[in-house]
Every structure is written in structure tokens, then in C-alpha cells.
Amino acid sequence: MTLNLEFDSNIYSDYTILTPSQLSSCGNPNNPDFVVQFRVYFSHDSTSMYLYTSKTVVLRSDSIITDLNRSAIPLFGSLGILEEHQHNLVFEISSFAHELASVNSNAGETMFPIVVSIVFYQARRKEEAAALIEELGKVVVKEEDYYDEEECPICLDKPSIGEEITYMPCSHFCHSHCLLKWLEKNASCPLCRFHC
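Sequential numbering from 1 applies to the sequence shown in UniProt numbering.
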């Protein structure tokens, strides 16, 4: 049986992952290292998740992309992350590392900690998606001009007079019928990835 999973990722800096020897490292501030800890979680509902695996790698600032391709891509592939998303994650991690090293207040640092948190969500069944839709705010479009500039992010059509739209908790809206199909396969807003 194949699970229908989607994921969200979060990249941030957390000095608590560094060991005392890493904190006192005498590396080169012009060519710092990055300690990257990958944390992979699985969640079956919006209230609980468990750590599936973690992996820590060290990246050199002069070879971040090469190091990520060698260490992260196999991890992402083993998790079933599509190749396109794998490359996007590598780019996001690399960009975050470069930004972290370029902040003036970090001048002179020789080691930067980065946490990449990946949370997989199991997709909902049709009944669960329908129940969630029932709980969300709905509006029947009365004035077409009100939504003139906005469109459903799923089908990309503008709401028409008489159509029902549903507002997500993040305040983005979709056609109700589009959102039902979306929530059967995904656990987040199609625009901002807010988890529902």
C-alpha cells in the first residue's frame, strides 16, 4: 500500500545542535563550515507527529551545493521526495546558508548551525476532507466585482456570481468543489502551505 503523503519544510538556525568542540572550532571565518541537521517527521493528524529519522552533515562554504547533492539528495530520494522538490530544497538550504554567513552580526564566525525540518503529512480520505470543508467558512459570491482581481489558486478561475467559495483558516479562499478535491490529497493551503 502506498501512502499519499505531502510535506512541509522549515529551515532555521539553532546553535543548540552544535557540540562544544564545534562551538570552539578554530576554522576559517572567510570560509566557514555549516553543520546541517536534517530532521524528518511523520504526522498522521494535525496534533501529533513523530521523529522518523535525523541526519547531520557538515558543509563547506566553498562547496555547499556539491556537499548537499552528495549528502542530502540520497536522503530526499529515500523519502520519496520528487526530484524537482529535492533540487528546490537544496537551493533553499544553500541560500539560507549564504544569507546566514553574510549577516554582519555573524562576522568572524567559523561554524553555523542549520536545522532542516521536514514534516510529512498523510493525505486525508474523502470523508475527512468533506468534514473539514463543512467546518470552514463559506460564502456564495454575490458581487462578481468583489473578486475581480482574485482567482481560485487551484483551478485559476475567478469566482462567478452564485458560486460557493470556502475560506481556509489562513484567510485564502478556493472554490468549494476545488478545495474538496485538493484536501483529499493535500493537508495545506495551496497558496501559503498553512497546515489544515
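In this text, a Cβ means the ideal position worked out from N, Cα and C, and glycines have one as well.
What are the boundary residues of the alpha helix (DSSP H) that includes residue i?
i	result
Glu128	126-135
Start and end of the beta strand (DSSP E) containing residue i?
i	result
residue 197	Residue coverage of the chain in this structure runs from 1 to 196, which leaves residue 197 outside it and unanswerable.
Asp33	33-43
Does the separation of the CB atoms of residue i and residue j fall below 9 angstroms?
i	j	result
Tyr41	Ser117	yes
Glu151	Pro159	yes
Tyr52	Phe7	no
Ser176	Glu184	no
Lys142	Ile154	no
Phe91	Leu100	no
Ile114	Ser13	yes
Asp62	Thr110	no
Ile64	Ala107	no
Phe194	Cys170	yes
Which residues share a DSSP beta bridge with residue i?
i	result
Lys142	BP columns for Lys142 are empty, so no partner.
His195	Ser188
Val116	Ile11, Phe38
Glu6	Tyr121
Quick test of your reading: residue i and residue j, contact by CB under 8 angstroms. State the CB separation rounded to the nearest angstrom.
i	j	result
Gln37	Thr56	5 angstroms
Ser94	Leu68	6 angstroms
Ile133	Leu179	6 angstroms
I'd like to confirm something about residue i: is its beta-carbon nearer than 8 angstroms to some heavy atom of the ligand ATP, or not?
i	result
Pro74	Looking at this structure, you won't find the ligand ATP or any other ligand, since it has none at all.
Length at least 3, wholly inside the region 52-85: the beta strand (DSSP E) runs in chain order | Counting whole runs of 3 or more residues, the region 52-85 contains no beta strand (DSSP E) stretch at all.
Would you list, in sequence order, the uninterrupted alpha helix (DSSP H) runs of no fewer than 4 residues that lie entirely inside the UniProt domain "RING-type" (152-193)?
-> 176-185
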